[in-house]
Amino acid sequence: GFGSLMQDVLWCFSQVKGTIDIGVTEADIISTVEFNHTGELLATGDKGGRVVIFQREQESKNQPHRRGEYNVYSTFQSHEPEFDYLKSLEIEEKINKIRWLPQQNAAYFLLSTNDKTVKLWKVSERDKRPEGYNLKDEDGRLRDPSMITMLRVPVLRPMDLMVEATPRRVFANAHTYHINSISVNSDYETYMSADDLRINLWNFEITNQSFNIVDIKPANMEELTEVITAAEFHPNSCSTFVYSSSKGTIRLCDMRTAALCDRHAKFFEEPEDPSNRSFFSEIISSISDVKFSHSGRYIMTRDYLTVKVWDLNMENRPIETYQVHDYLRSKLCSLYENDCIFDKFECVWNGSDSVIMTGSYNNFFRMFDRNTKRDVTLEASRENSKPRAILKPRKVCVGGKRRKDEISVDSLDFSKKILHTAWHPSENIIAVAATNNLYIFQDKVN
Amino acid sequence: MLGRGLKRKLSDYEENMAGLSSAFDSSRSLPYPLKRQLVLNMCLTKLQTYKMLVEPNLHRSVLIANTVRQIQEEMRQESNQQPVNICPGIAPSSHSYPGMESSGISLQLPSGISQQESNCCDLRSVEDPIENSLLIVSDDDMSSAISSILKDLDFVEDISPPTCLVPAGDDQPKFPENTGLKLEDDRQDLKGAECVFGSFEISNSTSYLKDLAIDDIFEDIDTSMYDSDFCCPPLMPPRSPSLATEEPLKTFPSCNSSSASNIQICRTDLSELDHIMEILVGS
Numbered sequence: 041g042f043g044s045l046m047q048d049v050l051w052c053f054s055q056v057k058g059t060i061d062i063g064v065t066e067a068d069i070i071s072t073v074e075f076n077h078t079g080e081l082l083a084t085g086d087k088g089g090r091v092v093i094f095q096r097e098q099e100s101k102n103q104p105h106r107r108g109e110y111n112v113y114s115t116f117q118s119h120e121p122e123f124d125y126l127k128s129l130e131i132e133e134k135i136n137k138i139r140w141l142p143q144q145n146a147a148y149f150l151l152s153t154n155d156k157t158v159k160l161w162k163v164s165e166r167d168k169r170p171e172g173y174n175l176k177d178e179d180g181r182l183r184d185p186s187m188i189t190m191l192r193v194p195v196l197r198p199m200d201l202m203v204e205a206t207p208r209r210v211f212a213n214a215h216t217y218h219i220n221s222i223s224v225n226s227d228y229e230t231y232m233s234a235d236d237l238r239i240n241l242w243n244f245e246i247t248n249q250s251f252n253i254v255d256i257k258p259a260n261m262e263e264l265t266e267v268i269t270a271a272e273f274h275p276n277s278c279s280t281f282v283y284s285s286s287k288g289t290i291r292l293c294d295m296r297t298a299a300l301c302d303r304h305a306k307f308f309e310e311p312e313d314p315s316n317r318s319f320f321s322e323i324i325s326s327i328s329d330v331k332f333s334h335s336g337r338y339i340m341t342r343d344y345l346t347v348k349v350w351d352l353n354m355e356n357r358p359i360e361t362y363q364v365h366d367y368l369r370s371k372l373c374s375l376y377e378n379d380c381i382f383d384k385f386e387c388v389w390n391g392s393d394s395v396i397m398t399g400s401y402n403n404f405f406r407m408f409d410r411n412t413k414r415d416v417t418l419e420a421s422r423e424n425s426k427p428r429a430i431l432k433p434r435k436v437c438v439g440g441k442r443r444k445d446e447i448s449v450d451s452l453d454f455s456k457k458i459l460h461t462a463w464h465p466s467e468n469i470i471a472v473a474a475t476n477n478l479y480i481f482q483d484k485v486n
Numbered sequence: 000m001l002g003r004g005l006k007r008k009l010s011d012y013e014e015n016m017a018g019l020s021s022a023f024d025s026s027r028s029l030p031y032p033l034k035r036q037l038v039l040n041m042c043l044t045k046l047q048t049y050k051m052l053v054e055p056n057l058h059r060s061v062l063i064a065n066t067v068r069q070i071q072e073e074m075r076q077e078s079n080q081q082p083v084n085i086c087p088g089i090a091p092s093s094h095s096y097p098g099m100e101s102s103g104i105s106l107q108l109p110s111g112i113s114q115q116e117s118n119c120c121d122l123r124s125v126e127d128p129i130e131n132s133l134l135i136v137s138d139d140d141m142s143s144a145i146s147s148i149l150k151d152l153d154f155v156e157d158i159s160p161p162t163c164l165v166p167a168g169d170d171q172p173k174f175p176e177n178t179g180l181k182l183e184d185d186r187q188d189l190k191g192a193e194c195v196f197g198s199f200e201i202s203n204s205t206s207y208l209k210d211l212a213i214d215d216i217f218e219d220i221d222t223s224m225y226d227s228d229f230c231c232p233p234l235m236p237p238r239s240p241s242l243a244t245e246e247p248l249k250t251f252p253s254c255n256s257s258s259a260s261n262i263q264i265c266r267t268d269l270s271e272l273d274h275i276m277e278i279l280v281g282s
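Taken in order, these protein sequences are the chains called A and B.
Using the numbering used here, the letters of the first sequence correspond one by one to residues 41 to 486.
Using the numbering used here, the letters of the second sequence correspond one by one to residues 0 to 282.
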């Protein structure tokens with residue numbers, strides 16, 4: 041069943057999507073992963089601007105061990121590379137974020153965004169087609185009206201299932217800087233998009249107008265010391281949202297107080313630990329992701345070395361701090377030199393908000409059980425990819441004698457980074473993006 | 000060098016820096032000023048590299064600029080507290096920090112860099128390739144590096160601001176007034192002219208356009224084609240409408256094919272459009 045205690049959960053390999061080629065095509069690098077609200081669909085976006093949606097197959101009584109595998113449902117090109125002539129800049133087609141809308145009819149809707157433009161896509165099925173038109177024949181050729189002697193009503197006949205993705209709205213020209221987040225409001229009528237300096241509020245029906253709700257751009261750019269790094273709406277309160285900054289702070293804003301939410305309602309910041317101070321303190325405090333818990337009571341933030349859980353009622357420090365890879369603290373200069381220190385890791389909650397997960401290097405990812413305080417390091421690799429093979433916990437050896445099966449810090453592969461992960465909304469199924477491969481892990485079926 | 004799989008072609012300089020940063024991480028005996036100098040040089044190099052990019056990353060630039068500011072502040076406080084230089088052999092300017100002579104490494108730092116030979120006994124006594132790689136960086140150089148990169152990130156703004164329902168009594172929307180042209184007082188002594196006007200910025204306020212001599216601005220823009228039948232707004236440089244491009248004006252639909260199925264009727268502000276046309280036509 042769906043257990044919240046991690047010692048009860050054994051994670052097994054389920055599937056892997058993507059090629060095994062040694063050279064990775066840049067365009068195939070997965071840049072975002074997101075389950076929809078039921079977990080039936082799993083969407084990925086990549087650097088080439090494509091979206092691939094997987095659908096979970098119905099569980100079959102004949103094959104109980106194949107617990108609902110995810111198969112390709114739809115693939116489409118969401119964004120194309122563009123060129124901004126006025127600024128002589130190329131606009132990358134890389135999909136930065138995908139967010140699903142809750143399902144309200146037979147069709148599925150999702151938002152996908154690159155650096156500048158958000159698009160609303162409708163994904164719908166067609167399994168019938170009309171036959172028996174009066175004015176055209178079966179091949180589509182027009183019939184001579186004078187030859188028609190009787191009228192008939194076209195009938196719908198079954199056809200092979202076709203899944204179509206159509207762009208329903210394009211929300212463009214609202215961001216001077218790069219979009220890092222999109223978030224659907226709980227009213228399902230509006231959503232927000234955030235770039236480095238501004239956050240805009242959109243109505244789904246209106247594409248040529250957006251409301252600027254946060255603007256931190258100083259009059260003089262030389263005074264700029266802080267940028268917006270992520271933003272999200274509260275899951276239940278449609279006037280509340282949070283945004284995180286490059287200085288490690290989180291601001292909670294209420295849209296009812298003012299049209300321009302430049303004054304926060306709450307300000308979350310942890311005082312700096314003087315014993316850990318270094319030249320890189322500010323850089324590693326930059327928050328790369330912020331996520332509300334499903335309950336709406338907590339927010340989780342990810343900075344370079346830690347994941348923190350904050351209670352909305354306590355602004356002066358987080359209630360929980362988890363070390364993701366503290367062994368990197370003594371390597372910060374090298375990580376700064378090769379730019380790894382700027383990597384933006386995401387973090388996710390499980391459905392019951394009892395376990396949190398985030399990625400690391402060497403294709404490792406980490407889970408922290410908030411109740412038992414136990415944590416585990418797992419690896420997404422082709423070597424551990426036998427069907428239903430149980431994932432063995434990994435360990436990084438910090439110094440001294442390296443045990444068998446441990447890996448030393450200096451042997452870690454920093455080009456294999458897990459930045460994007462997703463957790464099924466109600467089950468123990470996780471999707472982990474490792475460069476150009478998507479791994480799906482499930483808990484062991486008893 | 001950390002790990003394997005870092006797919007980069009290392010130049011000599013990068014190899015040096017990789018060695019230096021490994022030394023920083025692993026060595027406990029490295030004196031603090033040397034560590035600081037190393038970090039500072041890395042920061043300035045990164046900023047310089049970003050400056051050469053068409054579109055520097057704003058987030059990274061801000062983080063690096065803040066690190067430089069932090070080091071700058073620390074150095075200022077130190078030099079205020081210790082007027083006597085730790086290396087008696089030098090007579091440096093008040094805001095110049097001794098490093099070591101560079102050997103074979105030339106960094107194009109903002110103007111004002113001088114590569115002095117240092118007589119600093121304390122630092123030289125440590126025989127280390129690290130010292131040979133560091134350059135003297137002045138306080139002005141740091142400031143100009145920061146302002147230079149941040150100015151470049153001040154992109155040309157949209158003509159119409161993001162539609163903002165801010166009632167009259169509320170906070171003023173932040174329209175830059177004399178953008179890119181005014182310097183703060185403590186940076187008036189910038190030496191490099193190229194740092195100052197990194198990018199040309201059009202203010203959000205349309206009154207700015209009235210004040211300028213329009214002919215000067217648009218001299219080099221070929222507007223001979225803007226009479227053609229384009230679906231794009233007239234202020235844009237001429238281009239084919241079939242290409243998918245972004246336009247700065249929010250009130251016009253983007254001319255890309257994927258939105259063809261969904262062209263919204265744009266509610267242009269006709270008076271604003273007329274105003275722009277007047278300026279262009281020069282009436």
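Don't be surprised by glycine CBs; every beta carbon is placed ideally from N, CA and C.
All figures in this text were calculated on a predicted structure; none of them were measured in a lab.
First and last residue of the alpha helix (DSSP H) that includes residue i?
i	result
L43 of chain B	31-51
A64 of chain B	57-80
C373 of chain A	372-377
E322 of chain A	321-325
Please compile the residues from chain A whose C-beta is within a distance smaller than 7 Å of the C-beta of residue i.
i	result
R59 of chain B	F382
D153 of chain B	M261
L29 of chain B	Near L29 of chain B there are no residues of chain A at all, since even the closest Cβ is about 10 Å away, more than 7 Å.
L149 of chain B	M261, E262, L264
Identify the contact partners of residue i in chain B, using a Cβ-Cβ distance below 9 Å as the criterion.
i	result
E266 of chain A	V61, N65
C373 of chain A	L19, S20, S21, A22, F23, D24, K34, L37, V38, M41
T297 of chain A	Chain B residues near T297 of chain A: none, gap ~11 Å exceeds 9 Å.
T269 of chain A	H58
S503 of chain A	Residue 503 of chain A lies beyond the residue range present for chain A, which begins at 41 and ends at 486; the question has no answer from this structure.
Which chain B residues sit within Cβ distance under 8 Å of residue i?
i	result
F319 of chain A	K34, R35, V38, T66, Q69, I70
Tell me the DSSP bridge mates of residue i?
i	result
G440 of chain A	G440 of chain A is not bridged to any residue.
T398 of chain A	A:C387, A:R406
S279 of chain A	Note: S279 of chain A sits in no beta bridge, so no partner.
N483 of chain A	The sequence shown places Asp at residue 483 of chain A, not Asn. Answer is A:W51.
R291 of chain A	A:Y283, A:F307
L272 of chain B	None; L272 of chain B has no bridge partner.
V347 of chain A	A:R342, A:Y362
M232 of chain A	A:S223, A:L241
L459 of chain A	Bridge partners of L459 of chain A: none, in fact.
Strictly below 7 Å CB to CB, what residues from chain B border residue i?
i	result
D236 of chain A	L57, H58
I323 of chain A	L62, T66
E377 of chain A	M16, A17, S20, M41
Return the first residue and the last residue of the beta strand (DSSP E) that residue i is part of.
i	result
I222 of chain A	221-224
I253 of chain A	251-255
G58 of chain A	No beta strand (DSSP E) holds G58 of chain A; DSSP gives it neither H nor E.
F308 of chain A	306-308
D86 of chain A	81-86
K331 of chain A	329-332
N316 of chain A	Looking at the DSSP string, N316 of chain A is not in any beta strand (DSSP E), and its letter there is neither H nor E.
A474 of chain A	469-474
Can you pull the chain A residues whose beta carbon is under 8 Å from the beta carbon of residue i, in chain order?
i	result
V53 of chain B	S128, L129, E130
S146 of chain B	E262
Could you tell me which chain C residues have their CB closer than 7 Å to the CB of residue i, listed as they occur along the chain?
i	result
S326 of chain A	No chain C is present in this structure, whose protein chains are A and B.
Review point. Hey, which unbroken runs of the beta strand (DSSP E) at 3 residues or more fall wholly within the region 126-205 of chain A?
Key: 129-131, 137-140, 148-153, 158-171
Review point. How about the region 123-132 of chain A and the region 168-188 of chain A: do they share at least three Cβ pairs that are nearer than 8 Å?
Key: The region 123-132 of chain A makes no contact with the region 168-188 of chain A; the number of CB pairs closer than 8 Å stays below 3.
Exercise for review: Please determine if the region 65-77 of chain B and the region 296-303 of chain A are in contact, where contact requires at least 3 C-beta pairs separated by less than 8 Å.
Suggested key: no
Practice item. Could you tell me whether the region 320-328 of chain A touches the region 379-394 of chain A, where touching means 3 or more Cβ pairs closer than 8 Å? Key: yes
Exercise for review: Check whether the region 46-56 of chain B touches the region 399-410 of chain A, taking contact to mean three or more Cβ pairs, one atom from each stretch, closer than 8 Å.
Suggested key: no
Check your understanding: Counting Cβ pairs, one atom from each stretch, are 3 or more of them under 8 Å apart for the region 149-164 of chain A and the region 206-216 of chain A?
Key -> With a cut-off of 8 Å, the region 206-216 of chain A and the region 149-164 of chain A count as touching, because enough Cβ pairs lie within range.
Practice item. Would you check if the region 352-368 of chain A and the region 245-252 of chain A touch, i.e. whether three or more CB-CB distances between them fall below 8 Å? Key: no
Point to revise | Any 3 or more C-beta pairs closer than 8 Å across the region 49-58 of chain A and the region 473-484 of chain A | key: yes
**Study point:** contact_flag[the region 259-270 of chain A, the region 138-153 of chain B] where n(CB pairs < 8 Å) is 3 or more
**Key:** yes
**Study point:** Segment contact, 8 Å Cβ cut-off, at least three pairs: the region 197-206 of chain A with the region 160-172 of chain A
**Key:** yes
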